[in-house]
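Following: one structure in structure tokens, then a few remarks.
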Amino acid sequence: MIRLTWNATRDPDFYGFRFYVEHGDVFDADAYCEVYGLVRSEIDHNDIANAQAAASNLAPGEWLEVSHEIE
């Protein structure tokens, strides 16, 4: 199973290989899977919903950095 983690930041590091969601955007699990070569059905569906909720709660100027761990 793949578990997602995320945190809000006002200082995103665009020089590394990281996945960010900008304030006002939605976390797109399909795009995330495409970037990292993952299978969506292997990601905990609650994590996807919670990452989408976290993205919708970003304040102006914030970015959501999403990452994953394979268990």
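Per the numbering used here, residue 9 is the first one in the sequence shown, and the count goes up by one each step. Cβ coordinates follow ideal geometry from the N, Cα and C atoms, glycine included.
Ends of the alpha helix (DSSP H) at residue i?
i, result
"Ala-67", "It is not in any alpha helix (DSSP H) - Ala-67 carries neither H nor E in the DSSP assignment."
Taking just the CA atoms, how far does residue j sit from residue i?
i, j, result
"Trp-71", "Ala-37", "16 angstroms"
"Pro-68", "Ile-78", "31 angstroms"
"Asn-15", "Phe-22", "15 angstroms"
Excluding the five sequence neighbours on either side, which residues of its own chain have a C-beta within less than 8 angstroms of the C-beta of residue i, listed in chain order?
i, result
"Ser-49", "none"
"His-31", "Leu-66, Ala-67, Pro-68, Gly-69, Glu-70 and Trp-71"
Within its chain, find whatever has a CB closer than 6 angstroms to the CB of residue i; leave out the 5 residues flanking it on each side and keep chain order.
i, result
"Ile-20", "A small correction: the amino acid at residue 20 is Pro; Ile does not occupy that position in the sequence shown. Answer for Pro-20: Tyr-28 and Trp-71, listed in chain order."
"Thr-17", "Trp-71 and Glu-73"
"Ile-56", "Ala-37"
Is residue i near residue j, with beta carbons less than 8 angstroms apart?
i, j, result
"Arg-26", "His-76", "no"
Residue ranges of each alpha helix (DSSP H) run of no fewer than 4 residues wholly in the stretch 9-36, ordered along the chain?
Qualifying alpha helix (DSSP H) stretches: none in this window.
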